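Right, one structure below, let's go through it.
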Amino acid sequence: MPKKPGDHFARLVLPLQGPRKVDKAQVEKWLREQWPSPRCPISGHTTWIIGDHYVQPIPYPMPVPTTGAGYPMVMLICNGCGYTMHFNAVLMGLLGKQDG
């Protein structure tokens, strides 16, 4: 849910431990600069949830979990329908090339 009028990016609190947390204030700032009118391409909703932790897609097929190379991403979830987008955290300036 938006915190105030014009605030399209809600915060999702997940009870997870261990994964590296996203700096949501930095994510919101970047999103406002890059995407001033956030509208879900599926449902048309304009409120979003920023995931708490960085996520990393892995190549498919992957028979066993690995800690190999990957791409740290920020997860953005439509608050209306659940459609999920991923943004590259390095290109967003949230993580350095050595952090991921």
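Each residue of the sequence shown is one higher than the last, beginning at 10 in this note's numbering. Glycine is no exception: its CB is placed at the ideal position from the N, C-alpha and C atoms. Note that this is a predicted model, so its numbers are computed, not measured.
Around the beta carbon of C90, fewer than 16 other beta carbons sit within 10 angstroms, so the residue counts as exposed. Taking 8 Å as the cut-off, the beta carbon of M84 is found no closer than this to the beta carbon of Q65.
Runs of the beta strand (DSSP E) lying entirely within the stretch 37–64 and spanning at least 3 residues, in chain order: 57–59. Linking K30 to F96 through their CA atoms gives a straight-line distance of about 15 Å. Nearest neighbour of W57 by Cα position, chosen from R41, Y63, I86, G79, turns out to be I86.
Within its own chain, the residues whose Cβ lies closer than 7 Å to the Cβ of M94, once the five positions on either side in sequence are excluded, are L85, listed in chain order. In terms of Cβ geometry, Q43 and L103 do not form a close pair [threshold 8 Å].
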